[in-house]
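Number of protein chains: 2
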Amino acid sequence: MRKAYHEELDRIAESLVEMTHLAASAMSRATTALLDADVSLADSVIAADAEIDRMREQVDLLSFDLIALQQPVATDLRVVVTSMRMSSDIERMGDLARHVAKVARLRYPASAVPAELRGTFREMGTVAELVVEKAGSVIAARDVDAARDVAREDDAMDRLHRALFTHVTGSDWPHGTETAVDVVLLGRYYERFADHAVSVAERVIWIVTGEWGDEAAGGHDEVSDHTVV
Amino acid sequence: MRKAYHEELDRIAESLVEMTHLAASAMSRATTALLDADVSLADSVIAADAEIDRMREQVDLLSFDLIALQQPVATDLRVVVTSMRMSSDIERMGDLARHVAKVARLRYPASAVPAELRGTFREMGTVAELVVEKAGSVIAARDVDAARDVAREDDAMDRLHRALFTHVTGSDWPHGTETAVDVVLLGRYYERFADHAVSVAERVIWIVTGEWGDEAAGGHDEVSDHTVV
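Just so you know, the sequences run in chain order U and P. With my numbering, letter number 21 in the first sequence gets 21, and the count goes up by one each step, no holes. In my numbering, each number is its position in the second sequence, counted from 1, plus 1000.
Put into structure tokens, the structure is as follows:
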């Protein structure tokens, strides 16, 4: 029974790691679709989100059954409960990648991103992919130090997001309101994507140490919230 | 033992309902702060969010201990696991109210909302308060029909959000980029607030029926997502 139990726990962790790969791929392809105004790539991101949703549901049902049938305690229970939260974070990351792809689709054949902001979005895409892949490694290895790295990487996203915001709301913004709105919402999607990666990493810290991260006190979008930039 | 157990379950439900009252009050006061450019009211909303965060943590620890010590199964386990998800939804609603208050604070002594949009935001505030109070009643009564009402109320929010978006991105928007950005992000905060109320209601449907709502398949911001308006 215990062997089957640990196999189930491993299966849940593997599914979560696989979900991070899918989310990383989705955001990477969404960024390319956005910058290259590639509508068929955007469509593929939008379609692929269903697989992340399906895996989330599978992780949640597995976790629920494991609690009901095996009645884990202590660290094992923390792992299972936390898995359901991580699946929710990663599923939301998939949604945010899909949102980016939809903006790409909506503005096709133009790109939603003005030329001078392409570099910023390319960098946000790179950071997004990095933080979610790191979050996946953190899940696989239960590595608390690496988990703290994810929060540091998120600082880079916050800086990019702030710079974006300052540029768009500057008095010399030449691209009109619709583009401003696209850019600001896109920026928020990337920034929230990274926030959820930080949440995943902090949940691993909780599994290992039993201590709640800052996440429990209200999420990560303070620093980069538009009201404080 | 079973008596203590059901008392604990009741205590969790009561805490969740109390959290919905706090979130309703927060969004109501944030809306007033926004429309009246009332900076001390905005500050009180920002400060009060810590109480919602504290209650969320309390619900999660209570739920976790209940699973560990009482090993509930079937519906009882569904209730406890789902409570932790509802606490997360409601805590996020508190964050979103705080975001609205922060925009009010940032633009003080002006109002972030142009005169012709005051009615729309007042209505969004009313719908937000309504859906979260209804979600609270749904938790208290485990009322599946009322839960489905919440989703219908959310349609009103989506219509308001779409109208806002169309207005801001219209070619005759006279208020400049910064105000457009404020209005669009504010609109998103209200819309996400209502989405989380729908999630809470759908989680109650899951408790009662054992069926996953649409929520499990990826959240509610499709309809009002800016990419499809």
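Where a beta carbon is used, it is the ideal one built from N, C-alpha and C, also for glycine.
| Check | Outcome |
| --- | --- |
| 7 Å Cβ cut-off: residues of chain U touching Glu1178 (chain P) | Thr169 |
| Residue-level contact to chain P via CB, Trp173 (chain U), 7 Å cutoff | yes |
| Listed by chain order, chain U residues near Val1081 (chain P) by CB distance under 8 Å | Phe64, Ile67, Val81 and Met84 |
| The segment 159-171 of chain U / the segment 1150-1161 of chain P touching (three or more Cβ pairs under 8 Å) | no |
| Integer-rounded CB distance, given that Arg1192 (chain P) should sit under 8 Å from Leu1096 (chain P) | 6 Å |
| Other residues of its chain near Asp60 (chain U): CB distance less than 7 Å, five sequence neighbours each side excluded | Met84 and Ser87 |
| Arg1118 (chain P) Cβ short of 6 Å to the ligand GTP heavy atom set | As far as ligands go, the structure on display features none, and thus does not contain the ligand GTP. |
| Short Cβ contact (7 Å threshold) for Ile139 (chain U) with Ala13 (chain U) | yes |
| Beta-carbon contacts of Ser15 (chain U) that lie in its chain and below 7 Å, excluding the five residues immediately before and after | Met55, Gln58 and Val59 |
| Closer than 7 Å to chain P by CB, Gln58 (chain U) | no |
| Cα-Cα separation between Arg203 (chain U) and Asp38 (chain U), rounded to whole angstroms | 35 Å |
| Three-way DSSP call (helix, strand, coil) for Gly1176 (chain P) in this model | helix |
| Cβ contact (3+ pairs, closer than 8 Å) linking the segment 171-181 of chain U and the segment 44-55 of chain U | no |
| Residue-chain proximity (Gln70 (chain U), chain P), Cβ-Cβ < 7 Å | no |
| Touching by the beta-carbon criterion (3+ pairs, under 8 Å), the segment 1196-1210 of chain P and the segment 1128-1144 of chain P | yes |
| Closer than 7 Å to chain U by CB, Val1181 (chain P) | yes |
| Inter-residue CB distance, Thr1179 (chain P) and Pro1114 (chain P) (contact presumed, cutoff 8 Å) | 6 Å |
| Status (buried if at least 16 other CB within 10 Å, exposed otherwise) for Arg107 (chain U) | buried |
| Below-7 Å beta-carbon distance, Leu35 (chain U) vs any chain P residue | no |
| Assigned secondary structure, Ala110 (chain U) (DSSP; H/G/I helix, E/B strand, else coil) | coil |
| Ordered list of alpha helix (DSSP H) runs contained in the segment 1103-1154 of chain P, each at least 4 residues | 1118-1141 |
| is_contact[Tyr5 (chain U), chain P] using C-beta, thresh 7 Å | no |
| Buried/exposed call for Arg1092 (chain P), threshold 16 Cβ in 10 Å | buried |
| Buried/exposed call for His6 (chain U), threshold 16 Cβ in 10 Å | exposed |
| For Gln58 (chain U), the first and last residue of its enclosing alpha helix (DSSP H) | Val39 to Gln70 |
| Where His1226 (chain P) falls, given that 16 or more other Cβ within 10 Å makes a residue buried | In this prediction, His1226 (chain P) has a pLDDT of 40, which is less than 50 and means its spatial position is unreliable; what the coordinates show is noted afterwards. Buried is the call here. |
| Assigned exposure category for Leu1240 (chain P) - 16 Cβ within 10 Å defines buried | In this structure chain P extends from 1001 to 1229, so residue 1240 (chain P) is not present and cannot be described. |
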